[in-house]
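Here the structure is laid out as structure tokens; the discussion comes afterwards.
Printed below as a string of structure tokens:
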């Protein structure tokens, strides 16, 4: 792999950029691998990268049914934050934020991590109490978060409407400075390039159609649209399709898949300095470096694999955006789209071994998996390599729905997060 | 937005009048205090989440307020039929033509079916 640097850029500028290599190889699948990762999104590619870089396991294939980063990795709203209530969540998401801080250097790829701050608005007494509880819990866990008055919030984010007569007046906000955004495509491409450089095979247009198991139940490989591929271990990182893949191995999951929509506006000059979220009015917004406002809507109420959602869902979100930010009322929306997210009953992910020996699952990120991409891949690689979870993901088991030891961020946030 | 036929009102109404209430035909155990953790998990948390025909409960909250069931294709979101609560799960097999339209062998994760475009 040729290192990307300002010198490489200068050299290529002198010769019409003819010397750049392909970022990752596209090999034919081998007959078998040590580890197969099902799903070439950010989490799957990160898992493969950390298997190779941290655990020396390089005989790895990432199987992607479409193209890498073409699923939810390319459909999310790119928010990074770690201000979760419970200890397990704070540990996992903050592990991820710490990796975001040095990720561009680690994988020699500019993922454009921008800690511009995440502001979560409080509109009523209940919101204020919940936000302050989160702030206290976060600070006990070493996660930065602080309380802002409406005036302080407006200092940070001038477009915010803090009028007392607003339909949902702003009573204050929680603010995590280390939160922000990153470039989602670059995350997939950067991990793919770094993994490929270490010998990982990235195999696109290869859908898994079955999971093969030996007589004693152990995984022996996967059936794919490009034939059978053997593996000692299989990690399923298939987001909205996790239930479908796991059913091939005979495991029924505590998951439901919902459409989640997002939309972007026409690009405008820089006008919106941070990420603003409001759980109460159900909206969040940031501005991409291209200048588009990036807006996330809620999920539809029904399960689906259609990658489309109802118009009334995004209308509802835009109503809220216009109420909070009157300057956006005449902004034109450019594109909207949907992705399929796998939601667990407690809205916390599952990063764990499964009842099937040699089969591991990384799923249930629901409406907020992008922020966790590096941390998720890092601890999932550890789980696969050691056949045992990392201390950080030890609580995110599949068995917690049997034992009742939930990590109930659903109750903590009372909203998609 | 879906248009949903309420089997009680006998009318097709917009989705905003309804609340989806999860997978249908999950019977609540009569002996809740006696069942094992595995049985409780299966009842309370585990879901089929199929890619294809799903059976789900809906409640016409802004109409008659009654619960009923629907069979829906989760690939197209097309509602195949609705029926009153308490009726048995209908035997629905998607006509082959619909399957050929909705199952993309390249991306669905399902194996090829007769009649699918190869």
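Chains as they are written, first to last, in the working numbering: chain S, 1 to 417; chain B, 1 to 118.
Glycine included, every Cβ here is placed at the ideal spot set by N, Cα and C.
Values in this document were obtained by computation on a predicted structure and should not be read as measured data.
query, result
"N- and C-terminal bounds of the beta strand (DSSP E) containing residue 68 of chain B", "67 to 73"
"Chain B within 9 Å of residue 333 of chain S, Cβ atoms only", "no"
"Minimum C-alpha distance to residue 62 of chain B - residue among B:8, B:12, B:1 and B:16", "B:16"
"is_contact[residue 89 of chain B, chain S] using C-beta, thresh 9 Å", "no"
"8 Å contact criterion, which residue 44 of chain S and residue 37 of chain S should meet: CB distance rounded", "5 Å"
"Neighbour flag for residue 63 of chain B against chain S, beta carbons, 9 Å", "no"
"Coil, strand or helix - residue 34 of chain B by DSSP", "coil"
"Whole-number beta carbon distance between residue 173 of chain S and residue 253 of chain S, since they are thought to touch under 8 Å", "About 36 Å; that fails the 8 Å criterion."
"Exposed unless 16 or more other CB atoms sit within 10 angstroms - verdict on residue 297 of chain S", "buried"
"Rounded distance between the beta-carbons of residue 208 of chain S and residue 245 of chain S, thought under 8 Å", "6 Å"
"Per DSSP, the bridge partner or partners of residue 46 of chain B", "Looking at the DSSP assignment, residue 46 of chain B forms no beta bridge with any residue, so it has no partner."
"Cα-Cα separation, residue 42 of chain B to residue 67 of chain B", "22 Å"
"heavy atom of the ligand COA below 8 Å from residue 109 of chain S C-beta", "Here there are no bound small molecules, and the ligand COA is not part of this structure."
"CA-to-CA distance, residue 373 of chain S to residue 13 of chain S, given in whole angstroms", "33 Å"
"Contact between the stretch 210 to 219 of chain S and the stretch 332 to 350 of chain S (3+ Cβ pairs under 8 Å)", "no"
"Counted within 10 angstroms of its Cβ, other Cβ atoms place residue 91 of chain B as buried (16 or more) or exposed", "exposed"
"Cβ-Cβ distance between residue 187 of chain S and residue 263 of chain S below 9 Å", "no"
"Interface flag, residue 2 of chain B vs chain S, CB-CB below 9 Å", "yes"
"Length of the line joining the Cα atoms of residue 65 of chain S and residue 274 of chain S", "35 Å"
"Contact residues within the stretch 45 to 57 of chain B, judged by C-beta distance below 8 Å to chain S", "45, 46, 47, 48, 49, 50, 51, 54 and 56"
"Endpoints, the beta strand (DSSP E) within which residue 342 of chain S is located", "333 to 343"
"Burial state of residue 405 of chain S (16 or more Cβ within 10 Å)", "exposed"
"Chain-ordered chain S contacts of residue 76 of chain B [CB-CB under 7 Å]", "306"
"Close-in-space but distant-in-sequence residues of the same chain around residue 360 of chain S (CB under 8 Å, 5 per side omitted)", "233, 234, 235, 236, 352, 353, 354, 380, 383 and 384"
"Amino acids of chain B, ordered along the chain, whose beta-carbon sits closer than 8 Å to that of residue 253 of chain S", "46, 47 and 49"
"Local conformation of residue 96 of chain S per DSSP, three classes", "helix"
"Proximal residues to residue 81 of chain B (C-beta, below 6 Å), its chain only, five neighbours per side dropped", "71"
"Beta-carbon spacing of residue 281 of chain S, residue 320 of chain S below 9 Å", "yes"
"Chain S contacts from the stretch 12 to 45 of chain B (Cβ-Cβ distance under 7 Å)", "15, 16, 19, 20, 37, 38, 41 and 45"
"Own chain residues within Cβ distance below 6 Å of residue 97 of chain B, not counting five before or after", "Low confidence applies to residue 97 of chain B: its pLDDT is 49, below 50, so where it sits in the model is not reliable enough to give any reading."
"Sufficient close CB pairs (3 or more, under 8 Å) joining the stretch 124 to 139 of chain S to the stretch 162 to 173 of chain S", "yes"
"For residue 376 of chain S and residue 46 of chain S, believed in contact at Cβ under 8 Å, the rounded distance", "7 Å"
"is_contact[residue 66 of chain B, chain S] using C-beta, thresh 9 Å", "no"
"Same chain, Cβ closer than 6 Å to residue 191 of chain S, five either side skipped, listed in chain order", "45, 46 and 49"
"CB contact check: residue 63 of chain S to chain B, cutoff 9 Å", "no"
"Any chain B beta carbon closer than 9 Å to residue 311 of chain S", "yes"
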